[in-house]
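For any residue, its number in this note's numbering is found by taking its place in the sequence shown, counting from 1, and adding 255.
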Amino acid sequence: MVYQYIRMIDPNHEIQAPEHEQRLLPAAKPKKRRWPWVVGLLALLLAAFLIFGKTGKPDSAKKDGKGGRGGAATATPVVAAEAKTGNIGVYVTGLGAVTPIYTVTVKSRVDGQLESVHFREGERVRQGDLLIEIDRRPYDAAVTQAEGQLLRDQALLENARVDQTRYTTLLSQDAIPEQQLTAQKSLVKQYEGTVKNDEGQLAAARLNVTYCRITAPISGVIGLRLVDPGNIVHAADTNGMLVITQVQPISLIFTVGEDQLPPILQKIRAGQRLPVEAWDRDLKNRIATGRLETVDNEIDQTTGTLKLRAIFDNTDDALFPNQFVNARLLQQEKTGVTLLPSAAIQRNTNATYVYLIQPDSTVRLRNITIGTTEGDQTEITSGLSPGDRVVMTGVDKLQDGSRVSVSGGGGKAPGAKAAT
């Protein structure tokens, strides 16, 4: 029985019961494999260590770390901008189109065959330059005919005047009736009229010969050729032979609102020449600079706008006829005002404000009033003084009283004008 009890406790025990008791013991059960359970348990322990060992932190770490309540507040890195004293312009902006001062469509004034062309497309010409020649031989012949007719009638006039002198002498001697002298005087006047008409015919024939040589009526740039040598042209043709456009100088016609007109007219009447700038459609690149020339004589009632014309020298051909541009008229130049980069100004539904940097490296929310904005600069009319430093970048992490770490700090917007 002792051996049976030991076997119940430890089935793997190697002690064997005596032979007379072996018949009483039950048959030994097959041994079970326990190593898969051990491996699984170790795997679970390893997984738990990997998960909780990395995410868990001791309480001391939570108290002493950056997020702890007892830790010191960290400074937020920001870039500062400094308020400066400078000048800023007040501009009036309007959409306009580049318009040539003179545009001429050259046409023929006589009928004939186009004999030769003395220009190239896109060429710049001066007033009086020869452009086209038309066959002049028919008009030379007409000049010869007019000259011959004039000579014939001049001879008849001279003969009639001689007869008038003779009749006057005979009438004084009562040799002819007075009616004959009167008729001779009328004949002389008739021939004088004929000679006058012949002279006009001759002048017209010579003028037609001049029209066979077509010259540039203005200085400018020639467009595409509309006719070719050998074509027959007529004075009644609706289409011209070429177009000349003046580009130096050139004008810009733009519109402004009627409410913006009074200060402009006031300066014009005072004799001031207002500068005008031409910018591209995106208002990113300045194309040319000119001056205001004149204003239209009436306001468009449908749009409430008035047309203005500005003149540009255009020596670099930067402006092209019929080009759409933005015109910026300098209405006023403010000098000695407080300027701040526009990027430093914050806005909400109630106020316009900035974060003013204090000497102790904290920030205070300061309400401001702004005036004229030009480019990346804004006029500050109240709330800041020259020399004040405000936060320009990094404001999204700030609140009133936050501690900051200032880096950079040039603070002056590109293109700022210093006061003189």
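Glycine residues also receive a C-beta, built at the ideal position from the N, C-alpha and C atoms.
**OP:** Pick helix, strand or coil for GLY403, following the three-state DSSP scheme.
**Re:** helix
Subject >> Cutoff 7 Å; reference ILE377; Cβ partners in own chain excluding five residues on either side >> reply: Note that residue 377 is Gly in the sequence shown here, rather than Ile. Excluding five sequence positions before and after GLY377, the CB atoms of its chain that fall closer than 7 Å to its own CB belong to VAL476, ILE477, given in chain order.
Subject >> Neighbourhood of ILE612 by C-beta distance below 7 Å, restricted to the same chain and skipping five residues each side >> reply: ALA335, VAL618, ARG644, VAL645, VAL646, VAL659, VAL661
Subject >> Integer Cβ distance of THR331 from GLY649, believed to fall under 8 Å >> reply: 6 Å
Subject >> C-alpha gap between VAL488 and GLY545, whole angstroms >> reply: Distance between the alpha carbons of VAL488 and GLY545: 41 Å.
**OP:** Just grab the DSSP bridge partners of LEU507 for me.
**Re:** VAL353, ALA565
**OP:** Can you grab the Cα-Cα spacing for the pair GLY591 / ALA565, in whole Å?
**Re:** 29 Å
Subject >> Residue interval of the alpha helix (DSSP H) (run including THR437) >> reply: Boundaries of the alpha helix (DSSP H) harbouring THR437: 433 to 466, taken from the DSSP string.
Original post:
Since VAL482 contacts LEU561 with CB under 8 Å, what's their CB separation in whole angstroms?
Top reply: The Cβ separation is near 41 Å, so there is no contact.
**OP:** Could you round the C-beta distance between ALA508 and THR354 to whole angstroms and report it? I think they count as a contact, below 8 Å.
**Re:** It should be pointed out that residue 508 corresponds to Ile in this sequence rather than to Ala. ILE508 to THR354, Cβ: 5 Å. Contact.
Subject >> Residue(s) in a DSSP beta bridge with VAL359 >> reply: ILE499
Original post:
Bridge partners of SER662, per DSSP?
Top reply: VAL334
Original post:
Of the choices GLN435, SER597, ALA302, GLU629, whose alpha-carbon is the least far from that of GLU588?
Top reply: GLU629
**OP:** Take every Cβ of the region 511 to 529, pair it with every Cβ of the region 359 to 369, and state whether three or more of those distances are shorter than 8 Å.
**Re:** no
Original post:
With distances taken from CA atoms, which of LEU300, LEU296, THR340, VAL333 is nearest THR593?
Top reply: THR340
Subject >> Residue interval of the beta strand (DSSP E) (run including ILE542) >> reply: 541 to 550
Original post:
Counting along the chain, where does the beta strand (DSSP E) carrying PRO614 start and finish?
Top reply: Per DSSP, PRO614 belongs to no beta strand (DSSP E) and is neither H nor E.
**OP:** Could you check which residue in SER427, ALA606, THR449, PRO641 has the C-alpha nearest to that of GLN409?
**Re:** THR449
Original post:
Where does ASP571 fall in DSSP's three states?
Top reply: Here ASP571 sits in coil by DSSP.
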